[in-house]
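Right, one structure below, let's go through it.
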DNA sequence: GCGTATAATGTTATGACATTACATCGACAT
DNA sequence: ATGTCGATGTAATGTCATAACATTATACGC
Ligand SMILES: [Zn+2]
Ligand SMILES: [Zn+2]
Ligand SMILES: [Zn+2]
Ligand SMILES: [Zn+2]
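Chains as they are written, first to last, in my numbering: chain Y, 4 to 136; chain R, 4 to 136.
And the structure:
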């Protein structure tokens, strides 16, 4: 059983909004899309997002203040995740790299730094958007 | 000659505020510290920060919405920079890693993704803060 | 010097993102 | 029933960043 079935109503609505979206959404965009479902205040969105992030179903993109559904919600190997974010079309690719993870882990170990969250985000233009003007 | 000497008055004030600070500062904190120097509006700070970032003298920490003076303002090898940010004392370590850079570069090349800015930020507890409670 | 283009600055207002504080409700155990 | 806990509803506030417009400083060709 995935955690997916144990979501509350609000969590389900937010999750569905992110699943239905082509790319990442801001919290306030989610709020707007859920007005008809009874959403009224930002906190309703932020509270749901917080739980969904804890479950690993949603990721926050720090560099653009937005949220995106996990691309691999079933394989919860979320030690280090990297994102490539297209600044033109908004497409997000989620990937991980063992070598990067190992190198950053080596640095933190060497400096006795205890990491709690690591952000790796590459902004730029995706293949199709680079092809265009 | 470093670019440092060619700064305007506002840029100099903001640069000095960041240099004097123990850790990263938010734009509004900088604004408050420069009230006595005539600063009145956020835009004065943001405009200076923008230029300083272009010159490589200041970095923006995306994950905490703050700005920090470059730790190596003279060696402008700023292809990929990583930050370790202590969430307790605010200390920031700036470092770079050729292997990480190479791996991320390999991913973007393989996917024909043209990167414009890459963010690598590790939040957690630094050595001294881990030692404490 | 003088006109002119460009960059920097000052100021007000507004937009965008996120949290605090407090009240309410439902499920569940005692 | 009553106390606890998690989820929810709502208003207000806090925090971060930019738009729009007017003004002033600087650099440069003449
Ligand atoms: Zn994921
Ligand atoms: Zn694209
Ligand atoms: Zn630097
Ligand atoms: Zn610390």
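For glycine and all other residues, C-beta sits at the position ideal for the given N, C-alpha and C. Since the structure is predicted, the reported quantities are computational estimates derived from the model, not experimental observations.
Asked	Found
Report the residues of the segment 94 to 114 of chain R with a CB closer than 8 angstroms to any CB of chain Y, ordered along the chain.	96, 98, 100, 102, 103, 106, 107, 110, 111, 114
Going straight from the alpha carbon of residue 65(Y) to that of residue 124(R), what length do you get?	10 angstroms
Against chain Y, does residue 120(R) count as a neighbour if the rule is that its beta carbon must be under 8 angstroms from one of theirs?	yes
Near residue 96(Y), which residues of its chain fall below 6 angstroms by C-beta distance, leaving aside the five closest residues on each side in sequence?	87
Mind checking which residues open and close the alpha helix (DSSP H) that includes residue 202(R)?	No information on residue 202(R) is available, as it lies outside the stretch 4 to 136 that chain R covers here.
Would you be able to state if there are at least three C-beta pairs under 8 angstroms between the segment 8 to 20 of chain R and the segment 49 to 61 of chain R?	yes
Applying the criterion that 16 or more other CB atoms from any shown protein chain within 10 Å of the CB defines a buried residue, is residue 34(R) buried or exposed?	buried
According to DSSP, is residue 75(Y) part of a helix, a strand, or is it coil?	coil
If the cut is a Cβ gap below 8 angstroms, which residues of chain Y does residue 126(R) touch?	118, 119, 120, 121, 122
Indicate whether at least one CB of chain R lies closer than 8 angstroms to the CB of residue 5(Y).	Note that residue 5(Y) has pLDDT 47, beneath the 50 cutoff, so the model's placement of it is unreliable and no number is given.
Should the segment 108 to 116 of chain Y be called in touch with the segment 66 to 81 of chain Y, which here means at least 3 C-beta pairs below 8 angstroms?	no
On the criterion of 16 or more Cβ atoms from any shown chain inside 10 Å, does residue 45(Y) qualify as buried, or is it exposed?	exposed
How would you list, in chain order, the residues of chain Y whose beta-carbon sits under 7 angstroms from the beta-carbon of residue 129(R)?	116
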